[in-house]
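S.K.:
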Amino acid sequence: PDLAANIWVNPGETPNNGIDDDGNGFIDDVNGWDFYDDDNTPNDGNGHGTHVAGTIGAVGNNNSGIAGVNWEVSLLPLRFLGDDGSGWTSDAVAAVNYATMLKRDFGINVAATNNSWGGGGYNLFEQEMVSMCADNYNALIFAAAGNENIEEAHYPSSYQNVVSVTASGPNNGWNHWATYHTSVDLASPGESIESCVNNGG
Numbered sequence: 003p004d005l006a007a008n009i010w011v012n013p014g015e016t017p018n019n020g021i022d023d024d025g026n027g028f029i030d031d032v033n034g035w036d037f038y039d040d041d042n043t044p045n046d047g048n049g050h051g052t053h054v055a056g057t058i059g060a061v062g063n064n065n066s067g068i069a070g071v072n073w074e075v076s077l078l079p080l081r082f083l084g085d086d087g088s089g090w091t092s093d094a095v096a097a098v099n100y101a102t103m104l105k106r107d108f109g110i111n112v113a114a115t116n117n118s119w120g121g122g123g124y125n126l127f128e129q130e131m132v133s134m135c136a137d138n139y140n141a142l143i144f145a146a147a148g149n150e151n152i153e154e155a156h157y158p159s160s161y162q163n164v165v166s167v168t169a170s171g172p173n174n175g176w177n178h179w180a181t182y183h184t185s186v187d188l189a190s191p192g193e194s195i196e197s198c199v200n201n202g203g
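If you count the sequence shown from 1, you need to add 2 to reach my numbering.
1) How close, in whole Å, do the beta carbons of Ile-68 and Asp-4 come, if the pair is a contact with beta carbons under 8 Å?
2) DSSP state of Leu-5, grouped into three classes?
3) Tell me, please, whether the CB atom of Pro-191 is closer than 8 Å to any CB atom in chain D?
4) Which runs of the beta strand (DSSP E) at least 3 residues long sit entirely within the region 94-181? Give them in chain order.
5) To which residues of the same chain is Asn-116 closer than 6 Å at the C-beta, ignoring the five residues directly before and after it?
6) So Glu-193 packs on Ala-169, CB below 8 Å; how close in whole Å?
7) Determine the contact status of Asp-137 and Ser-166, defining contact as a CB-CB distance below 8 Å.
8) I'd like to check one pair, Trp-10 with Leu-83: are the Cβ atoms closer than 8 Å?
9) Whether or not the region 22-36 and the region 48-67 are in contact is what I'm after, with contact meaning three or more pairs of Cβ atoms, one per stretch, closer than 8 Å; do they touch?
10) Taking a contact to mean a Cβ-Cβ separation below 8 Å, would you say Asn-45 touches Asp-30 in this structure?
11) Would you report the Cα separation of Ser-160 and Asp-93, rounded to the nearest angstrom?
12) Going by DSSP, what residues sit across from Ala-189 in a beta bridge?
13) Identify whether Gly-89 lies in helix, strand or coil by the three-state DSSP scheme.
14) Taking the alpha-carbon of Gly-59 as reference, which of Ser-66, Gly-47, Ser-76 and Tyr-38 has the nearest alpha-carbon?
15) If I follow the unbroken alpha helix (DSSP H) through Val-61, where does it start and stop?
16) Do Gly-47 and Ser-197 come within 8 Å of each other at the CB atom, strictly closer than that value?
17) Could you work out which residue in Tyr-182, His-183, Thr-184 and Ser-190 is closest to Asn-173 when comparing CA atoms only?
18) Quick one: measure Cβ to Cβ for Leu-142 and Ala-113, integer angstroms, because I've assumed they're closer than 8 Å.
19) For Pro-158, which residues from the same chain have a beta carbon less than 7 Å from its beta carbon, with the 5 sequence-adjacent residues on both sides left out?
Laid out in structure tokens, this is it:
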């Protein structure tokens with residue numbers, strides 16, 4: 003309920019008519035796209051995306067649930083990971099390319115992408131995806147620095163043109179499980195954060 007009013011709606015699509023009304027290559031992508039299942043229902047079966055979305059943009063001042071950082075924001079759901087949290091680099095690239103395409107070709111105001119995921123090593127395709135989105139179309143790209151107490155590079159947060167965010171603990175101190183590699187740009191509270199969970203919790 004705290005997210006419903008802030009979910010992005012594609013102005014060029016008519017819901018459930020089986021037609022790619024805006025000609026962007028995706029049929030009935032009214033509220034984003036699921037690149038994992040390749041359909042127009044990017045539902046979060048894991049819960050992590052819902053929790054992050056609530057932190058960013060849960061509606062506030064409504065006597066319900068929690069309040070996000072931005073009470074009036076348009077959240078574009080793009081899913082590329084399975085319910086177990088695993089997925090493919092190609093789907094990650096496709097998801098960010100989708101957001102870039104909406105801004106480049108259809109004038110949708112994609113101001114930033116949030117990438118609270120990571121794993122695997124350096125990938126040239128991911129770096130090129132990031133550079134295209136950030137450099138050519140002025141969209142900020144935020145990525146989680148990782149949850150391992152290590153100093154090693156972590157991707158996508160260690161790519162160039164990415165704002166890498168690690169977690170601070172109580173009293174803004176260092177969080178003992180947070181990654182602290184040299185590409186980290188800033189820290190944000192990351193412990194005991196209350197936010198939205200699936201099924202209205």
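Idealized CB from N, CA, C, for every residue including glycine.
Since the model is a prediction, treat every value here as computed from it, not as a measurement.
M.R.: Judging by the given coordinates:
1) Working through the sequence shown from its first residue, we reach residue 68 at position 66. Working through the sequence shown from its first residue, we reach residue 4 at position 2. Yes, Ile-68 and Asp-4 are in contact; Cβ-Cβ is about 6 Å, under 8 Å.
2) The residue given as residue 5 occupies position 3 in the sequence shown. In the structure shown, Leu-5 sits in coil (DSSP, three-state: anything other than H, G, I, E or B).
3) Of the protein chains in this structure there is only one, and it is not chain D.
4) 114-117, 142-146 and 165-170
5) On the sequence shown, position 114 is the one that residue 116 refers to. These residues qualify, in order along the chain: Phe-144.
6) Counting from 1 along the sequence shown, the entry for residue 193 is found at position 191. Counting from 1 along the sequence shown, the entry for residue 169 is found at position 167. 7 Å between Cβ atoms; contact.
7) Taking the sequence shown and counting its residues from 1, the one referred to as residue 137 is at position 135. Taking the sequence shown and counting its residues from 1, the one referred to as residue 166 is at position 164. In this structure, Ser-166 does not lie closer than 8 Å to Asp-137 by Cβ.
8) Along the sequence shown, read from residue 1 onward, the residue named residue 83 stands at position 81. Along the sequence shown, read from residue 1 onward, the residue named residue 10 stands at position 8. Cβ distance not < 8 Å, so Leu-83 and Trp-10 don't count as in contact.
9) no
10) One-based indexing of the sequence shown puts residue 45 at position 43. One-based indexing of the sequence shown puts residue 30 at position 28. No.
11) Residue mapping note: residue 160 aligns to position 158 of the sequence shown, counting from 1. Residue mapping note: residue 93 aligns to position 91 of the sequence shown, counting from 1. Near 19 Å, if we compare the C-alpha coordinates of Asp-93 and Ser-160.
12) Walking along the sequence shown from the start, residue 189 turns up at place 187. DSSP lists Thr-168 as partners of Ala-189.
13) As a working mapping, residue 89 is identified with position 87 in the sequence shown. Correct three-state label for Gly-89: strand.
14) The residue given as residue 59 occupies position 57 in the sequence shown. Out of Ser-66, Gly-47, Ser-76 and Tyr-38, Ser-76 has the C-alpha closest to the C-alpha of Gly-59.
15) Position 59 of the sequence shown holds residue 61. Note, Val-61: premise wrong, no alpha helix (DSSP H); not H, not E.
16) Position 195 of the sequence shown holds residue 197. Position 45 of the sequence shown holds residue 47. In this structure, Gly-47 does not lie closer than 8 Å to Ser-197 by Cβ.
17) Reading the sequence shown from its first residue, position 171 is the one you call residue 173. Closest option to Asn-173, Cα to Cα, is Ser-190.
18) Indexing the sequence shown from 1 puts residue 142 at position 140. Indexing the sequence shown from 1 puts residue 113 at position 111. Correct: roughly 7 Å between the Cβ atoms.
19) For this step, residue 158 is matched to residue 156 along the sequence shown. For Pro-158, where only same-chain residues beyond five positions count, the Cβ hits under 7 Å are Asn-117, Gly-120, Glu-128, Val-132, Ala-145 and Val-164.
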